[in-house]
Amino acid sequence: MRRAVAGAGYEALTIEQLAADAEVSKQTIYRWWPTKAAILGEALVAGVLPASLPRPTAAGEDAPDLANDLLAWLTASSRQLQQTEGLGVARALIAVTASDPAVAAALNERLAAPIRDWVQQLIERAAAHGALREGVDAILLADHLIAITAYAALTGTVHSEQRLRGIVDQVMHGIVATPPVR
């Protein structure tokens, strides 16, 4: 399956091809999975196919260098999307999550939850060291970072190091000169 998704991509993947690769009949495939999205979703949930998002490094006890940690993760994500297999799996992941809500929830838990947890730990540690303004929403930030990688996969965009630094700088500095009064 990995070879099939990485090669021609999810769109070109067929039940016939999967059956031939597994040396079983199409009927055997359909007996267990109603669609190719269901097969791919199960493979992703089970870890048979690699996650399309790099795992962040574990947060330690020291004050984080939030900008460098975020840049390192975005750079690793961008590099993975530059590889044929990484891009193929990422696009397949997007297709699968769009077609099956149950698989989408399971994949969200497997792939996005560790990133959300990591960003939350970074934010909490940085806030504890007085490095952030009050009220930063770690989950919202993590969702934005994940969305940047998903958008890059959808469009086939390869982010340069300069672009990734710009993204992180904008995250770190915000976009308003003076915070609004609430």
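Using the working numbering, you'd call the opening residue of the sequence shown number 1277 and step up by one each time. Even glycine gets a Cβ: it sits at the ideal position worked out from N, Cα and C. Here the structure is a predicted model, which means the values were calculated and not measured.
Where does the unbroken alpha helix (DSSP H) through residue i begin, and where does it stop?
i: H1449; result: 1437 to 1449
i: E1318; result: 1312 to 1322
i: S1301; result: Unbroken run through S1301: none, as it is neither H nor E.
i: H1420; result: 1414 to 1431
i: T1290; result: Counting along the chain, T1290 falls outside any alpha helix (DSSP H), and DSSP gives it neither H nor E.
i: P1390; result: 1389 to 1404
i: E1385; result: Looking at the DSSP string, E1385 is not in any alpha helix (DSSP H), and its letter there is neither H nor E.
i: V1365; result: 1360 to 1375
Hey, residue i and residue j are a contact pair by Cβ (cut 8 Å); roughly how many whole angstroms apart?
i: V1379; j: V1321; result: 7 Å
Measure the Cβ-Cβ separation of residue i and residue j and say whether it is below 8 Å.
i: L1357; j: L1350; result: no
i: I1415; j: L1408; result: no
i: G1317; j: V1365; result: no
i: S1354; j: H1420; result: no
i: T1304; j: A1295; result: yes
i: A1418; j: R1392; result: yes
i: N1430; j: I1370; result: Note that residue 1430 is Leu in the sequence shown here, rather than Asn. Their beta carbons are under 8 Å apart, which means L1430 touches I1370 by this criterion.
In terms of alpha-carbon separation, which member of the options lies closest to residue i?
i: N1384; options: V1412, T1311, A1426; result: A1426
i: I1422; options: E1437, L1316, P1390, H1449; result: P1390
i: Y1306; options: A1366, I1291, H1449, E1437; result: I1291
i: D1413; options: I1315, G1450, S1353; result: G1450
i: K1312; options: L1289, S1301, L1369; result: L1289
i: Q1438; options: A1403, R1392, Q1446; result: Q1446
i: T1433; options: R1367, D1341, P1310; result: R1367
i: A1319; options: A1403, R1401, A1382; result: A1382
Leaving out five residues before and five after residue i in sequence, what residues of the same chain have Cβ atoms less than 8 Å from its Cβ?
i: V1444; result: A1343, L1346, L1347, L1350
By Cβ distance, which residues of its chain are closer than 6 Å to residue i, with the 5 residues on each side in sequence left out?
i: M1448; result: A1343
i: P1377; result: none
Of all Cβ atoms in chain C, is any one closer than 8 Å to the Cβ of residue i?
i: H1435; result: Among the protein chains of the structure shown there is no chain C, as only one such chain exists.
Between residue i and the rest of its own chain, which residues show a CB-CB distance below 7 Å, the 5 nearest in sequence each way excluded?
i: K1302; result: I1291, E1292, A1295
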